[in-house]
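Top line first, the protein sequences correspond to chains L and V. In this note's numbering, each residue carries its 1-based index in the first sequence increased by 987. In this note's numbering, each residue carries its 1-based index in the second sequence increased by 987. Glycine residues also receive a C-beta, built at the ideal position from the N, C-alpha and C atoms. Only a predicted model underlies this, so the values are computations on that prediction, with no experimental measurement involved.
2 protein chains.
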Amino acid sequence: MSYASFASLPCTLGRPAALLGERWTLLLLRQIFLGTRRFEDFQTTMEISRSVLTDRLSMLLDEGVLKRVPYQADGRTRHEYRLTEKGKDLYPVLMALRTWGEKWMLTEQEDESFTLEHRDCGGGVRAKVECADCGAELTARDVHVTARG
Amino acid sequence: MSYASFASLPCTLGRPAALLGERWTLLLLRQIFLGTRRFEDFQTTMEISRSVLTDRLSMLLDEGVLKRVPYQADGRTRHEYRLTEKGKDLYPVLMALRTWGEKWMLTEQEDESFTLEHRDCGGGVRAKVECADCGAELTARDVHVTARG
DNA sequence: TAGCTGAGTTCGAAAAACGAACGCAAGGGA
DNA sequence: TCCCTTGCGTTCGTTTTTCGAACTCAGCTA
């Protein structure tokens, strides 16, 4: 099958998993959600090689997760990378990762590189899974999977 | 920094993102949530190379996401890979990916490779982000990020 | 004119992934 | 006993990716 052909899997979990499962892509999205927008800033803060950065950015542009937006710098027009609506909708994925990280990947001397709070009430942020019908919070055990084909 | 050193980032989003951002890892977890447990089955259904499969499985064992559980086959003791509690807690991450996939990565002829339903009421499954204090559903715009250091 | 900056591109070396073949332990059948 | 099969890896030579340093290029700025 070779990794890339998962892009055409008839599976709405498999295709996103293959896209975001490419090395650097999740870390790149994290950086974007933290506010980084420019090529140079991605490159220096993540220490990713420039050629791979170019590749991953264009992958996310192709998928419509990012868009290039012009801005002025030194009186010149340049472009920065911003999330599209599709990209912003990845927020729950990142928050689910973080919720998991807070529970299971804490280190002794945690010095979180950022904090999150609900603008309106100052509360913490938490990802969860719920039933679209009855609203109950769900874990893997509460869900029945039916494989097809 | 080199990709692997993200494992020591002081960031509860960065470390999980680096772990699951390794190629094949998310697709492997998908397969596990769909019920696959044995080396041979992973290899044939995913068409991953055997050496990389060995590597990713041991990575997830090391992280405590999977455990090896003995079982009997042909009167012999063998081992299968199962999720630990830590691993089962990744469910929201996978569901967030799927919720996103359903909204943004549908193809014309979608023939979902599995369906999910809440055991108790038969309802659909949905990932979301909420405020841990007031319970409001949150998007990226509702959350204030404060970077540190 | 020369230097600087942001955003890439290029290219040789190193690392990771691929895939076919091999190893091995234990059960089953002839 | 000998051979075949199964499940689960390991090995190894080849192909892809990634790395990282250098190079390019356009348009300020001194």
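Cβ contact annotation for L996(V) (same chain, cutoff 8 angstroms, sequence separation greater than five): R1002 and A1005, in chain order.
The contact set of M1092(V) on chain L, defined by CB atoms closer than 7 angstroms, consists of T999, R1002 and P1003 in chain order.
With a cutoff of 8 angstroms on beta-carbon distance, L1070(V) and L1053(V) are scored as near each other. Distance from the CA atom of R1063(L) to the CA atom of T1032(L), rounded to whole angstroms, is 24 angstroms. In terms of CA proximity to T1094(L), A994(V) leads the group A994(V), F1020(V) and D1049(V). Apart from the 5 residues on each side of it in sequence, Q1018(L) sits with its Cβ closer than 7 angstroms to the Cβ of F1029, T1032 and M1033 in its chain, given in chain order. Membership of Q1059(V) in the beta strand (DSSP E) is indicated by the continuous run L1053 to A1060. Distance from the CA atom of R1024(V) to the CA atom of R1055(L), rounded to whole angstroms, is 42 angstroms. Residue ranges of uninterrupted alpha helix (DSSP H) with 4 or more members, entirely inside the stretch 1073 to 1130 of chain L and ordered along the chain, are 1078 to 1091. For V1112(L), the closest alpha carbon among the candidates G1088(L), G1122(L) and S989(L) is that of G1088(L). DSSP places E1067(V) in the uninterrupted beta strand (DSSP E) bounded by R1063 to L1070. Where G1001(L) is concerned, the enclosing alpha helix (DSSP H) starts and stops at G1001 to L1007. DSSP, read as helix, strand or coil, puts T1023(L) in coil. For R1010(L), the closest of C1121(L), C1118(L), L1044(L) and E1027(L) by C-alpha to C-alpha distance is L1044(L). Annotation: Cβ neighbours of R1010(V) in chain L (cutoff 8 angstroms, chain order): Y990, G1008, E1009 and R1010. What K1054(L) touches in chain V, judged by beta-carbon distance under 7 angstroms, is nothing: the nearest beta carbon there is about 14 angstroms away.
For R1085(V), at least one C-beta of chain L is nearer than 8 angstroms to its own C-beta. As the crow flies, the alpha-carbon of R1135(V) is around 39 angstroms from that of L1103(V).
For the stretch 1039 to 1053 of chain L, residues whose beta-carbon sits nearer than 9 angstroms to a beta-carbon of chain V comprise E1050, G1051 and V1052. Judged by their CB atoms, K1115(L) and P1079(V) are nearer to each other than the 8 angstroms cut-off. F1020(V) is positioned such that its CB atom lies no closer than 8 angstroms to that of T1133(L). If you draw a 10 Å sphere on the C-beta of Y1068(L), you find 16 or more other C-beta atoms in it, and that means buried. For T1126(L), the closest of E1099(L), G1109(L), A1083(L) and D1107(L) by C-alpha to C-alpha distance is A1083(L). A distance of 8 angstroms or more separates the beta carbons of L1047(V) and G1008(L). Put simply, the backbone Cα of D1042(L) is about 20 angstroms away from that of M1092(V). Only those residues of the stretch 1101 to 1113 of chain V whose C-beta falls short of 8 angstroms from the nearest C-beta of chain L are listed: F1101, T1102, L1103, E1104, H1105, R1106, D1107, C1108, G1109, G1110, G1111, V1112 and R1113.
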